[in-house]
Structures are given as structure tokens and as C-alpha cells.
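Enquirer:
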């Protein structure tokens with residue numbers, strides 16, 4: 001009876017947490033749209049054009065092949081546009097908003113397996129209030145949905161590892177989902193090796209059969225679509241990326257700057273936790289494969305940008321959350337004060353991220369903003 005009551009209490013806590021994340025995501029969305037509105041970026045025309053092509057409103061010869069090789073997100077926008085009558089650009093808003101909420105929930109569920117309830121909750125909140133989460137959720141860009149699918153692949157693999165048995169049909173379906181990932185965004189193909197975290201767990205006799213099923217099913221969506229790309233554009237998949245890598249070189253300094261920019265305000269908390277915290281040992285091999293799968297495309301990509309580095313949030317946000325908890329635990333002024341300190345830190349981070357969005361739109365650097373504040377205070 002006690003065990004049953006404990007399970008019921010755990011489910012109730014998770015339900016309350018999920019409702020909280022949805023509420024906070026909606027609140028963040030309302031405030032953001034009131035202050036900044038939904039917008040296009042310099043890359044948006046490419047993603048809009050692919051959606052319009054699927055609706056017969058654009059010619060294939062006028063579309064950037066890079067965006068066409070990532071068809072599922074603009075395809076979803078086109079489908080929503082066709083069903084509702086809203087423009088393709090406008091269809092990205094409900095898709096990105098759903099991805100923002102879904103990503104917060106998935107990150108919580110993943111971090112719950114890797115860490116504990118408090119760390120998982122804070123990590124999810126950090127994601128929902130982050131600069132990148134807000135900026136790209138309310139832009140005509142594919143990043144929010146890409147991050148959601150990144151989390152979905154990782155969550156499915158955690159479920160796979162936690163199961164004692166999985167039949168061939170279910171494994172085949174897992175492969176198809178993984179095969180769709182590079183059609184969301186090409187860099188997700190580097191997460192394919194996380195399947196080996198499960199392969200190490202099962203009996204050697206079944207590894208070859210299941211690996212064959214996975215490769216076969218994961219290859220089907222890619223083979224079908226890339227064959228169509230070759231016929232219609234006479235372009236080999238990933239040709240543009242490989243040519244860009246040859247034409248551009250990114251320095252270590254640029255990559256380091258992109259990582260700092262991606263996690264600007266929470267770096268102290270990450271450092272505070274880095275040498276004192278470890279994930280659930282059951283998932284050690286999975287975490288190594290995830291980190292590798294996320295780092296490889298960042299370092300081979302010819303352009304160092306913070307939104308690429310931000311893909312590591314699935315690892316670094318739980319670390320930052322752990323650092324925040326460690327910091328509050330050092331305070332000896334009572335449980336209510338420690339809880340209030342955590343809330344104050346989260347509100348402060350939200351305000352800083354909102355300020356950063358304003359500075360980005362105003363084309364003002366942090367240093368220039370600080371100089372203006374100091375100059376104004378001296379007058």
C-alpha cells in the first residue's frame with residue numbers, strides 16, 4: 001500500500017510539474033509577443049520558400065537547396081497553412097510554440113532519468129526562459145522544432161534502455177523515427193550512434209539482427225527523399241555542406257566564443273557543478289554518445305554560431321540546475337530562504353535573457369549597454 005501511495009504521489013508531482021511548465025511557457029510567450037512580436041530573420045525566406053513550394057506557390061529552381069534538404073519542418077508549416085489558410089510564415093508560430101512547450105516537458109523527463117526531480121524541474125525552467133529558446137521560438141526558423149526532435153530521439157533511447165525487452169517491429173519503428181531526424185535538420189544524423197548505448201545492453205546474439213533492422217528502417221526515409229533530391233536538383237545530399245567546409249575555416253577562438261554566447265548567464269552555475277555532479281551511471285555510455293553526436297556537427301560546421309552550440313543544453317542545463325541547487329544548499333538561513341533564493345535567481349535570469357533579446361534587436365552589445373548605464377548615472 002505504501003509503495004502504491006508513493007507511486008501515486010510521484011505521478012501527481014509530475015502532473016503538477018508538467019502543468020507548471022505549460023503555464024510558464026504560455027506566460028513567457030505572451031510577454032515575448034507583447035514586447036517583441038513574431039518575426040522573420042535573414043534566413044526565414046529560405047524556410048518559407050520550401051513550404052510554399054510544397055503548396056505549389058514557389059518554383060524549385062528558386063529555392064536554396066540547403067533548406068530543401070531539411071524538408072519536414074517547412075513541410076509541416078505548409079500542411080498547417082493548407083489546413084487553416086494562414087500564410088506559411090505564420091504557420092511557424094503555432095509549430096514553434098508547441099515545440100517550446102514540448103521541449104520543456106521532454107527535457108524535464110530526460111533530466112528526471114539522469115538526475116533527480118529538483119534538478120530536472122530547474123533545468124526545464126532554464127530552457128523555457130533562455131534567450132535562444134525565446135528568440136527562435138518566435139522567429140520563422142526551424143531551430144525550436146530541431147531541438148524538440150533532438151530531445152525526442154534522446155528520450156526514446158532512454159526508454160529503450162530502460163525496457164527489458166523490445167520486439168523487432170517496435171525496433172523497426174524506432175529506426176524510422178531516427179531516419180526522419182536528418183530530414184528535420186541534417187546535423188541530427190550524428191545522433192544515430194546513440195543506438196549503441198542500447199546495443200551494449202542486450203545479448204550479443206540479438207545485436208546483429210536489431211542493428212540490421214535499425215539501419216534498414218533508418219535508411220528508408222533518407223533513401224526515398226535524397227533520391228528525389230538527386231532527380232529534381234541533380235545534387236548529391238550534403239554536397240553544399242561539404243563544399244562550405246572546404247571554403248570556410250572556423251578558429252578555436254570562434255567556437256569558444258559561440259559556446260560562451262550560448263550559455264552566457266549560466267556558465268558560473270555550470271562550472272560550480274561540473275566537478276561535483278554526475279549523471280545516473282546507468283546512462284554513462286549514452287551521455288558520452290550524446291555529447292559526441294552533438295559536438296561533432298558543431299566543430300565541423302563552417303560557421304560558429306551560438307545557436308549550434310546551444311544544442312548541448314540537454315547536458316549543460318541540468319548541470320547548471322545542479323549548480324544552482326548546490327549554491328542554495330550552502331545557505332544556512334532556512335528552507336524558505338533557499339527556495340526564495342532559487343526563485344530570485346530564475347527571475348533574474350529571465351530578466352537578463354529578455355534584456356538580451358532587446359539588445360539583440362537594438363543591435364547593442366552588452367558592453368555598450370553597460371557603458372550607457374554608467375554614463376547616464378554620472379550625469
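In the UniProt record's numbering, the protein residues as written are 1 to 379. Glycine included, every Cβ here is placed at the ideal spot set by N, Cα and C.
In this structure, how does DSSP classify residue 381 when only helix, strand and coil are distinguished?
Expert: Missing from the structure shown is residue 381; the chain here goes from 1 to 379 and no further.
Enquirer: Are the Cβ atoms of residue 70 and residue 185 separated by less than 7 Å?
Expert: yes
Enquirer: My understanding is that residue 151 touches residue 106, with C-beta atoms under 8 Å, so please give their C-beta distance in whole angstroms.
Expert: 4 Å
Enquirer: So residue 131 packs on residue 357, CB below 8 Å; how close in whole Å?
Expert: Indeed, because the Cβ distance is near 6 Å, the residues count as touching under 8 Å.
Enquirer: Quick one: using the 10 Å Cβ neighbour count with 16 as the cut-off for buried, is residue 143 buried or exposed?
Expert: buried
Enquirer: Does the beta carbon of residue 155 fall short of 6 Å from some heavy atom of the ligand FAD?
Expert: No copy of the ligand FAD appears in this structure; indeed no ligand is present at all.
Enquirer: Inspect the beta-carbon positions of residue 214 and residue 138 and report whether they are closer than 7 Å.
Expert: Note that the C-beta distance between residue 214 and residue 138 is not below 7 Å.
Enquirer: Classify residue 136 as buried or exposed, calling it buried when 16 or more other Cβ atoms lie within 10 Å of its own Cβ.
Expert: Buried, by the Cβ-count rule.
Enquirer: Compute the Euclidean distance between the alpha carbons of residue 225 and residue 272, then round it to the nearest angstrom.
Expert: About 45 Å.
Enquirer: Residue ranges of each alpha helix (DSSP H) run of no fewer than 4 residues wholly in the region 254 to 299, ordered along the chain?
Expert: 267 to 274
Enquirer: Could you tell me how far apart the beta carbons of residue 76 and residue 62 are, in whole angstroms, since I believe they sit closer than 8 Å?
Expert: About 21 Å; that fails the 8 Å criterion.
Enquirer: Measure the beta-carbon distance from residue 263 to residue 316 and round it to whole angstroms, keeping in mind my assumption that it falls under 8 Å.
Expert: 6 Å
Enquirer: Taking 7 Å as the cut-off, decide whether the C-beta atoms of residue 297 and residue 190 are in contact.
Expert: Cβ atoms of residue 297 and residue 190: closer than 7 Å.
Enquirer: Taking a contact to mean a Cβ-Cβ separation below 7 Å, would you say residue 287 touches residue 122 in this structure?
Expert: no
Enquirer: Using only alpha-carbon positions, find the residue among 280, 310 and 66 that is nearest to residue 294.
Expert: 310
Enquirer: Could you give the distance in angstroms between the alpha-carbon of residue 15 and the alpha-carbon of residue 217?
Expert: In this structure, the alpha-carbon of residue 15 lies about 34 Å from that of residue 217.
Enquirer: Quick one: what does DSSP say residue 117 is sitting in, helix, strand or coil?
Expert: In the three-state scheme derived from DSSP, where H, G and I count as helix and E and B as strand, residue 117 is classed as helix.
Enquirer: How is the alpha helix (DSSP H) around residue 211 delimited, first residue to last?
Expert: 204 to 233
Enquirer: Does the beta-carbon of residue 350 have 16 or more other beta-carbons within 10 angstroms, so that it is buried, or is it exposed?
Expert: buried
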